[in-house]
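Here the sequence shown is numbered in the working numbering, starting from 11 and rising by one per residue.
Glycine included, each C-beta is placed from N, C-alpha and C at the ideal position.
Keep in mind it's a predicted model, so treat the numbers as computed, not measured.
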Amino acid sequence: RMLLLTKSHHMFEDETEGKKEVDPSKSDEFAAPRPGLQRRNSGTNFCKFLTTSRRIVQFSSNRQPTEEDKIVYVDGDFDLFHPGHSNFLREAKKHGTFLICGVHHDKVVNAKKGSNFPIMNINERVLSVLSCRYVDEVIIGVPFEVDKDLLAMANVSVVCAGRHTTRGDYQTDPYKVPREMGLFQEVDSGNELTAYSIIKRVIQNRLDYEERNRKKAEKDKGWADAAYQTKEL
């Protein structure tokens, strides 16, 4: 998914949206042509991971909030769930006793980040978050901006966001409402790892791998040519 830059794994209401090619002129650096890396879409099929109610129950904690609980709310795309996410959720949980995590829909993430983000579709991301021991409940497909209705529905006491979040790049502040209500807390996970850095690492490793193979092929060809000339002599 990272290397082919496809969106066929996304879960859209309109299935034709997932078949659209990534427009390099409107995407970030990951969609730009790279030397030695060719996109091969033909013959590649993606299986859309479908979530069942039984699977969700297996991953969830099955804990219900009580009147004594102090509910903490966090949200994000949680793409390529990594230690930075886990550390953030751990620190956010310290601000209360019950942690609710909102996960953005594929269409919302793609509209904000472009290219073929998210790399994991919403079903995969939800189960990744549910598997984290600090998370008590997940709300699927939350709006990008945290509003009063969501806070009231979940009886939220604290809204947390990471210090290393990429949301500062957007024009609107998704946490404007909880800031005004005095519910917002910034959390430092102590980890600067992001999905962007992971993808850069994967792509660079792919380029390094292809370069090594190219040099090896040239070297082998040189040995073969030399052996053929020796045989002729």
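Presumed contact (8 Å Cβ cut-off) between residue i and residue j, rounded CB distance
i    : j    : result
R135 : F88  : 5 Å
C142 : S96  : 6 Å
P137 : T61  : A small correction: the amino acid at residue 137 is Leu; Pro does not occupy that position in the sequence shown. Yes, they are in contact, since the Cβ atoms of L137 and T61 sit about 7 Å apart, within 8 Å.
V268 : V148 : Examination of residue 268 is not possible in this model, given that the chain is present from 11 through 243 alone.
G94  : S199 : 6 Å
6 Å Cβ shell around residue i - same chain, five flanking residues per side excluded
i    : result
M130 : D89
V71  : It is worth fixing the name first, because residue 71 is Ser in this sequence and not Val. Within the same chain, S71 has close Cβ partners D146.
T107 : D79, K80
K29  : Interpretation of K29 is limited by its pLDDT of 49, a score under 50 that renders its predicted location unreliable; no figure is taken from the coordinates.
R73  : D146
V84  : A102, C111, C170
A205 : D89, L90
R173 : E196, D198
G151 : H115
K122 : none
Spatial neighbours of residue i in its chain, beta-carbon cut-off 8 Å, leaving aside the 5 residues before and after
i    : result
I208 : L90, H92
N120 : K17, H20, N126, F127, P128
N201 : P93, G94, N97, F98, H174
L203 : H92, P93, G94
Close-in-space but distant-in-sequence residues of the same chain around residue i (CB under 7 Å, 5 per side omitted)
i    : result
V118 : F154
V145 : L99, L109, C111, V139
Y185 : V156, V169, A171, F194
K103 : V82, L109, Y144
K226 : none
T182 : E155
A236 : none
K158 : V187
Span of the beta strand (DSSP E) around residue i
i    : result
V152 : Segment: none, V152 is in no beta strand (DSSP E) and carries neither H nor E.
Test: residue i CB closer than 7 Å to a CB of chain B
i    : result
Y219 : Here there is only one protein chain, and chain B is not present.
Along the chain, which unbroken stretches of the alpha helix (DSSP H) at least 4 residues long are found entirely within the region 67-136? 93-103, 116-123
Counting pairs of Cβ atoms below 8 Å between the region 183-196 and the region 213-226, do you hit three or more? With the cut-off at 8 Å, the region 183-196 and the region 213-226 do not touch.
Along the chain, which unbroken stretches of the alpha helix (DSSP H) at least 4 residues long are found entirely within the region 160-226? Listed in chain order, they are 186-190.
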